[in-house]
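In this note's numbering, the protein residues as written are 42 to 445. Where is the CB? At the ideal position from N, CA and C, for every residue including glycine. Values in this document were obtained by computation on a predicted structure and should not be read as measured data.
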């Protein structure tokens with residue numbers, strides 16, 4: 042008994058040290074990764090997107106392609122065709138980025154192009170709440186292989202809805218800042234999380250697409266990707282793909298799971314029978330174990346976010362106010378929705394994609410994958426099976442064998 046207690050104390054001590062180091066690291070790098078946008082006027086109106094230059098977007102062929110078959114059964118709502126007349130998926134890269142982060146996003150774009158997109162030439166969409174500078178557009182246009190569009194976020198998507206008590210929200214930010222909770226005092230960060238949770242996929246520039254790959258500043262792609270990931274997702278009926286999974290800071294989402302449980306009780310028809318509840322809860326849904334997919338990298342279906350089930354879930358959360366009264370992130374929101382509303386086999390871990398977002402890396406542990414991808418990452422730095430990662434949990438829930 043004494044030995045077991047000692048081991049438990051040691052594990053708790055190590056986990057606490059790990060969390061502390063992570064917070065310190067992320068805090069010192071907040072100027073790189075945080076979106077510092079000014080808050081905009083509150084409005085509850087339906088937004089109309091703005092394309093810079095006033096031009097109507099036109100990137101891909103809108104001809105119909107093959108039907109999705111039974112895949113469509115898992116979405117409530119209309120779905121457009123998923124590819125052009127030759128079967129190429131209607132897909133794009135999406136980046137929410139500031140003008141000031143130009144030279145942080147350039148290396149990230151370049152690596153995606155060199156490691157993958159130079160062979161497929163998928164278009165890029167860049168979003169900002171202010172117009173992009175001529176310099177930003179010139180530099181970015183020079184390094185992408187496909188077409189590129191620059192969009193402005195409607196104010197209605199980056200502001201307080203009319204049911205939010207802004208004094209209460211400000212008090213919550215102050216308290217979280219005093220408690221040294223990462224991004225706890227940031228107003229722009231909350232707008233960013235709400236936008237990524239419920240609005241990026243509504244932007245007019247994304248209307249013609251069914252798939253996206255999210256790219257953020259200061260991220261790295263370590264390995265060659267020698268196949269069309271969008272087509273692979275489409276053909277294998279996948280919906281959501283990720284590289285890194287991690288545990289959330291509990292102090293930022295104190296009521297998120299209770300709100301989700303209320304939603305599940307009111308909308309049981311939106312919960313998939315063969316779901317991945319076991320990934321996000323260790324006690325069959327009683328509590329949330331904080332596991333989520335790190336959403337700074339996502340290759341996923343836009344039609345899932347557009348579905349009635351997800352939109353209803355987001356609106357339910359939005360009305361609860363947790364994006365502002367706490368600090369609900371888009372990563373746990375996306376992850377909980379995917380885990381509950383999709384089948385287990387519709388969520389994919391890209392073990393072959395070497396990826397880094399400070400301070401964690403996904404580096405192929407399989408030596409064959411690492412060699413074939415000409416990976417430049419150190420396999421010893423792979424985060425997948427570290428203590429604070431949820432990689433082991435994902436493997437266990439899906440009956441996957443850990444690479445040796």
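With 16 other Cβ atoms within 10 Å as the buried cut-off, status of residue i
i, result
"residue 441", "exposed"
"residue 359", "buried"
"residue 128", "exposed"
"residue 244", "buried"
"residue 178", "buried"
"residue 277", "exposed"
"residue 403", "buried"
"residue 192", "buried"
"residue 76", "Confidence is the limiting factor: at residue 76 the pLDDT is only 38, short of 50, which leaves the residue's position unreliable and the question unanswerable from this model."
"residue 412", "exposed"
Residue from the options whose Cα sits closest to the Cα of residue i
i, options, result
"residue 357", "305, 370, 257 and 144", "305"
"residue 261", "272, 143 and 153", "153"
"residue 292", "232, 159 and 217", "217"
"residue 309", "296, 211 and 350", "350"
"residue 325", "302, 412, 296 and 186", "302"
"residue 160", "245, 265, 362 and 435", "265"
"residue 421", "429, 406, 413 and 435", "406"
"residue 315", "234, 430 and 387", "387"
"residue 203", "445, 419, 247 and 362", "362"
"residue 339", "201, 381, 311 and 391", "391"
"residue 294", "327, 323, 192 and 368", "368"
"residue 225", "330, 355 and 370", "370"
"residue 432", "383, 355 and 335", "335"
"residue 327", "379, 155 and 296", "296"
Residue i to residue j span [Cα, whole Å]
i, j, result
"residue 176", "residue 164", "19 Å"
"residue 275", "residue 385", "16 Å"
"residue 253", "residue 281", "10 Å"
"residue 215", "residue 166", "35 Å"
"residue 267", "residue 394", "10 Å"
"residue 140", "residue 410", "36 Å"
"residue 1", "residue 242", "In the structure displayed, the chain extends from 42 to 445; residue 1 sits before or after that span and is not available."
"residue 373", "residue 333", "5 Å"
"residue 250", "residue 343", "7 Å"
"residue 182", "residue 212", "42 Å"
"residue 283", "residue 307", "29 Å"
"residue 288", "residue 194", "29 Å"
"residue 430", "residue 424", "7 Å"
"residue 445", "residue 197", "49 Å"
"residue 443", "residue 418", "19 Å"
"residue 381", "residue 415", "36 Å"
"residue 81", "residue 219", "Legend: pLDDT at residue 81 = 27, less than 50; position of this residue unreliable, value from coordinates given subsequently. Rounded to the nearest angstrom, the two C-alpha atoms are 25 Å apart."
"residue 428", "residue 174", "43 Å"
"residue 83", "residue 408", "With a pLDDT of only 28 at residue 83, under the threshold of 50, the placement of this residue in the model should not be trusted; the figure read from the coordinates follows. If you take the alpha carbons of residue 83 and residue 408, they lie about 52 Å apart."
"residue 227", "residue 234", "11 Å"
"residue 156", "residue 162", "12 Å"
"residue 317", "residue 379", "8 Å"
"residue 313", "residue 169", "34 Å"
"residue 383", "residue 240", "20 Å"
"residue 151", "residue 345", "28 Å"
"residue 355", "residue 246", "21 Å"
Beta-ladder partner(s) of residue i, from DSSP
i, result
"residue 389", "282"
"residue 340", "254 and 282"
"residue 403", "396"
"residue 207", "Residue 207 is not bridged to any residue."
"residue 303", "None, per the DSSP bridge assignment."
"residue 423", "402"
"residue 262", "396"
"residue 332", "288"
Nearest-angstrom Cβ-Cβ length linking residue i and residue j, presumed shorter than 8 Å
i, j, result
"residue 376", "residue 259", "With 8 Å as the limit, residue 376 and residue 259 do not qualify as a contact, their Cβ atoms being about 22 Å apart."
"residue 396", "residue 263", "7 Å"
"residue 189", "residue 319", "About 41 Å; that fails the 8 Å criterion."
"residue 187", "residue 158", "7 Å"
"residue 389", "residue 279", "5 Å"
"residue 132", "residue 365", "Residue 132 to residue 365, Cβ: 32 Å. No contact."
"residue 256", "residue 134", "5 Å"
"residue 147", "residue 184", "7 Å"
"residue 237", "residue 137", "7 Å"
"residue 286", "residue 435", "6 Å"
"residue 130", "residue 272", "6 Å"
"residue 143", "residue 180", "6 Å"
"residue 311", "residue 322", "The pair is not a contact, with the Cβ atoms about 17 Å apart (cut-off 8 Å)."
Distance cut-off 7 Å: residue i Cβ against heavy atoms of the ligand MG
i, result
"residue 356", "Among the components modelled here there is no ligand, and therefore nothing to report on the ligand MG."
Proximity test, Cβ basis, 8 Å: residue i and chain B
i, result
"residue 385", "Looking for chain B here will not work: only one protein chain is present."
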